[in-house]
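Quick note on my numbering: the sequence shown kicks off at 265 and runs consecutively. By construction, the Cβ of each residue, glycine as well, lies at the ideal position given by its N, Cα and C atoms.
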Amino acid sequence: MTTTVSSAAVAAEVAVIPLADIHRGGNVRQELGDLESLAESIRQHGVLTAVLVERRQDGGFELVAGYRRVAAAEAAGLELIPAVVRDPVPGVQRVSDQLAENADRCALTELDVAGAIQQMLDLGASTDAVATRFATSTDTIDRWRAVLALPAPLLALVRDGTIAVGDVADLGELGEDEEFVAAVVAEVRGGTTPQWAVSRVRQQRALTAAVATAQAKLEKEACPVVAAPRYDTVTGNSKMQRLGDGVKVTLRQHRKQPCHAAFITGRGEVAYVIDRGRHAGEAGSGVLDLKAERAAKRAVVKELRDAQPVRAAALKAAIANGAFATDEAVRHILTTALWDARMEELEDACGLLELTIPEEGWGVSRPLGVLLGHAGNDLGQLTTVVLAVQLARGERRLATQPPRTSDPHVANLYGALLDSTGIHELSEAERALIAERGLSQWSECRHLLPGAVAVTEEETAEAR
265 MTTTVSSAAV
275 AAEVAVIPLA
285 DIHRGGNVRQ
295 ELGDLESLAE
305 SIRQHGVLTA
315 VLVERRQDGG
325 FELVAGYRRV
335 AAAEAAGLEL
345 IPAVVRDPVP
355 GVQRVSDQLA
365 ENADRCALTE
375 LDVAGAIQQM
385 LDLGASTDAV
395 ATRFATSTDT
405 IDRWRAVLAL
415 PAPLLALVRD
425 GTIAVGDVAD
435 LGELGEDEEF
445 VAAVVAEVRG
455 GTTPQWAVSR
465 VRQQRALTAA
475 VATAQAKLEK
485 EACPVVAAPR
495 YDTVTGNSKM
505 QRLGDGVKVT
515 LRQHRKQPCH
525 AAFITGRGEV
535 AYVIDRGRHA
545 GEAGSGVLDL
555 KAERAAKRAV
565 VKELRDAQPV
575 RAAALKAAIA
585 NGAFATDEAV
595 RHILTTALWD
605 ARMEELEDAC
615 GLLELTIPEE
625 GWGVSRPLGV
635 LLGHAGNDLG
645 QLTTVVLAVQ
655 LARGERRLAT
665 QPPRTSDPHV
675 ANLYGALLDS
685 TGIHELSEAE
695 RALIAERGLS
705 QWSECRHLLP
715 GAVAVTEEET
725 AEAR
């Protein structure tokens with residue numbers, strides 16, 4: 265049975281044709297997917313939607329749309345299939361029809377679309393025309409074309425849905441290095457992004473090459489290789505020391521010593537070491553004398569130990585004589601307190617003093633530099649700056665959520681300062697908060713401040 269349908273564009277007819285007469289050429293869909301459910305449906309109900317074919321000059325038909333239906337019909341055991349038979353059209357139009365037909369059915373994969381783009385370009389369509397057909401830019405068309413030139417393992421990642429086309433579009437630089445590509449694919453399948461995978465594989469390959477170069481260098485020098493210490497760090501109590509630590513012995517001087525060795529660092533670099541101990545004597549002498557070195561180290565330790573009680577006695581005498589009752593001593597105390605402050609306390613202090621913190625700089629150096637610059641050489645200004653820092657510190661102990669339990673005395677003394685100076689009259693809620701944050705009653709510390717109002721036993725008991 266044949267029904268003829270005509271249109272202004274292409275003459276076509278609906279007919280039932282043998283599956284054996286259908287030639288299956290280029291299809292924009294590279295993978296037909298699972299056909300089992302479709303084949304079962306065809307066994308029960310037949311092919312409900314006709315496929316699209318074109319007449320061939322040598323007889324038979326060229327399949328345009330319906331590749332999955334044809335394959336499923338064969339799997340279901342059919343010999344005939346309904347088809348819309350039309351006259352041949354230009355190749356670009358045929359690919360466009362395939363895209364339109366698939367858009368209404370099972371969606372094409374990104375690689376299918378990229379392949380269709382390449383087919384249309386190969387058939388003579390311009391890049392502008394293809395970009396218009398896909399409603400995209402010509403740059404995007406060029407990127408999708410580049411995807412098809414990628415190594416097969418990378419295309420497999422896109423085909424199985426591990427990554428998107430856009431994630432591999434810039435990986436054409438990998439070239440045909442199969443080992444490199446395989447390593448990148450393994451990283452990506454492990455959850456790494458393609459770009460980061462390329463970076464990691466390059467670093468690993470560079471490290472492998474560096475280690476090989478280092479090994480060849482040490483082998484040529486006939487230098488013994490020892491195991492690298494953890495994190496490439498040689499501890500002070502280790503028998504092995506890096507060449508140049510302690511007494512400065514040059515590489516040329518040390519190469520003939522029996523303790524000469526080396527290890528290869530985690531970056532593939534050669535680190536020469538003095539194995540089994542250090543050298544002693546004059547710098548650069550290269551004389552191995554562990555006994556003399558140990559004696560010299562013991563002498564230094566003894567000198568430092570003996571100096572401590574002498575220094576302590578001098579400090580006691582200076583304190584008793586009022587030697588530290590000077591502006592320089594006060595400046596030392598205040599500056600030390602400033603350097604010991606936390607970054608957030610320094611920032612809050614700048615706010616109390618209405619000072620602007622610059623955007624440039626790093627970390628604590630920004631607010632600290634502003635405060636030191638504001639104080640200058642004026643001891644009174646320095647006192648004001650340190651006071652602002654301490655006030656900021658006390659305020660943070662009351663305002664921080666959750667409560668900070670470190671330094672409980674800060675909340676106590678801060679509350680006592682506010683209460684005794686009359687700067688701020690504490691409410692009952694604030695007093696309770698100070699007691700909670702200070703881990704002891706605020707009233708017990710109030711008497712520690714000069715000029716503070718005496719606290720009665722009743723007040724203390726009530727506060728408790």
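Beta carbon of Val-650 nearer than 8 Å to that of Leu-598: Cβ atoms of Val-650 and Leu-598: closer than 8 Å.
Below 6 Å CB to CB, which residues in the same chain sit around Ser-549 once its five sequence neighbours on both sides are set aside? Low confidence applies here, because Ser-549 scores a pLDDT of 46, under 50, leaving its location unreliable and the question unanswered by this model.
Of all the beta strand (DSSP E) runs that stay within the bounds of the stretch 316 to 353, which reach a length of 3 or more residues? The qualifying runs are 325 to 329 and 344 to 350.
Could I get the ranges of all uninterrupted alpha helix (DSSP H) runs contained in the stretch 394 to 482, with 4 residues as the minimum, in chain order? You should have 402 to 412, 416 to 423, 429 to 432 and 442 to 453.
Using 10 angstroms around the beta-carbon of Gly-330, count the other beta-carbons present and answer buried if the total reaches 16, otherwise exposed. Taking every protein chain shown into account, the CB of Gly-330 has 16 or more other CB atoms within 10 angstroms, so this residue is buried.
Rounded to a whole number of angstroms, what is the C-alpha to C-alpha distance between Arg-307 and Asp-376? Distance between Arg-307 and Asp-376, taken at the CA atoms: about 28 Å.
Whose C-alpha, out of Lys-484, Leu-421, Arg-466 and Ala-393, is nearest the C-alpha of Gly-454? Looking at the Cα atoms, Leu-421 is the closest of the given residues.
Checking 8 Å against the spacing of the C-beta atoms, do Val-634 and Leu-619 come in under that value? The Cβ-Cβ distance between Val-634 and Leu-619 falls below 8 Å.
Residue span of the alpha helix (DSSP H) that contains Ala-593, given as start and end: Unbroken alpha helix (DSSP H) run through Ala-593: 591 to 603.
Are His-596 and Leu-617 close, meaning C-beta to C-beta below 8 Å? No; because the gap between Cβ atoms is not below 8 Å, this pair is not in contact.
For Gln-468 and Ala-393, what's the separation of their Cα atoms in angstroms? Cα to Cα, Gln-468 sits roughly 44 Å from Ala-393.
Alpha carbon to alpha carbon, how far is Glu-443 from Met-504? Give it in angstroms, no decimals. Distance from the CA atom of Met-504 to the CA atom of Glu-443, rounded to whole angstroms, is 38 Å.
Quick check on this structure: which residue in His-673, Ala-693 and Leu-655 has the alpha carbon closest to the alpha carbon of Ile-687? When His-673, Ala-693 and Leu-655 are compared, the shortest CA-CA separation from Ile-687 is found for Leu-655.
Delimiting residues of the alpha helix (DSSP H) encompassing His-518: Start and end: 515 to 518.
Cut-off 8 Å between Cβ atoms - residues of its own chain near Arg-660, not counting five sequence neighbours on either side: The answer, listed in chain order, is Glu-608, Glu-609, Asp-612 and Arg-668.
Residues of its chain near Ala-492, where Cβ-Cβ distance is below 8 Å and the 5 sequence neighbours each way are ignored: Taken in chain order, the residues that qualify are Phe-527, Ile-528, Thr-529, Gly-530 and Ala-535.
How about Val-452 and Val-465: are their beta carbons less than 8 Å apart? Result no, Cβ atoms of Val-452 and Val-465 do not sit closer than 8 Å.
Could you tell me if Pro-458 is buried or exposed, where buried requires 16 or more neighbouring beta carbons within 10 angstroms of its beta carbon? Buried is the call here.
Residue(s) in a DSSP beta bridge with Glu-608: DSSP, once it has assigned bridges, lists no residue as partnering Glu-608.
Throw me the rounded Cβ distance for the Phe-325 and Val-349 pair, which I believe falls under 8 Å. Contact annotation, Phe-325 with Val-349: C-beta distance approximately 7 Å; criterion of less than 8 Å satisfied.
Mark Trp-706 as exposed unless 16 or more other C-beta atoms lie within 10 angstroms of its C-beta, in which case mark it buried. Unreliable positioning characterises Trp-706 in this predicted model, as indicated by a pLDDT of 46, which lies under 50. A coordinate reading is not provided.
Which residues DSSP lists as bridging His-524, in chain order: Ile-538, per the DSSP bridge assignment.
Is the beta carbon of Pro-346 sitting closer than 8 Å to the one on Ala-314? Closer than 8 Å, so yes.
Please report how far the alpha carbon of Pro-415 lies from the alpha carbon of Leu-283, in whole angstroms. About 35 Å.
Let me confirm a value: Asn-676 is counted as buried when at least 16 other C-beta atoms fall within 10 Å, else exposed. Which label applies? Of the residues assessed, Asn-676 falls on the buried side of the cut-off, its CB having 16 or more other CB atoms within 10 angstroms.
Could you tell me which of Gly-323, His-673, Cys-614 and Glu-485 sits nearest to Ala-652, measuring between CA atoms? Minimum Cα distance to Ala-652 is reached at Cys-614.
Proximity winner among Trp-460, Leu-632 and Glu-304, relative to Thr-600 (alpha-carbon distances): Of the listed residues, the one whose Cα sits closest to Thr-600 is Leu-632.
Minimum C-alpha distance to Pro-522 - residue among Glu-533, Cys-487, Ser-502 and Thr-497: When only C-alpha atoms are compared, the closest one is Cys-487.
Going by DSSP in three states, Ile-286 sits in which element: helix, strand or coil? For Ile-286, the three-state secondary structure derived from DSSP is strand.
Enumerate in chain order the residues of its own chain whose CB-to-CB distance from Arg-506 is below 8 Å, with the five nearest sequence positions on each side excluded. Here the set comprises Val-498, Ala-535, Tyr-536, Val-537 and Ile-538.
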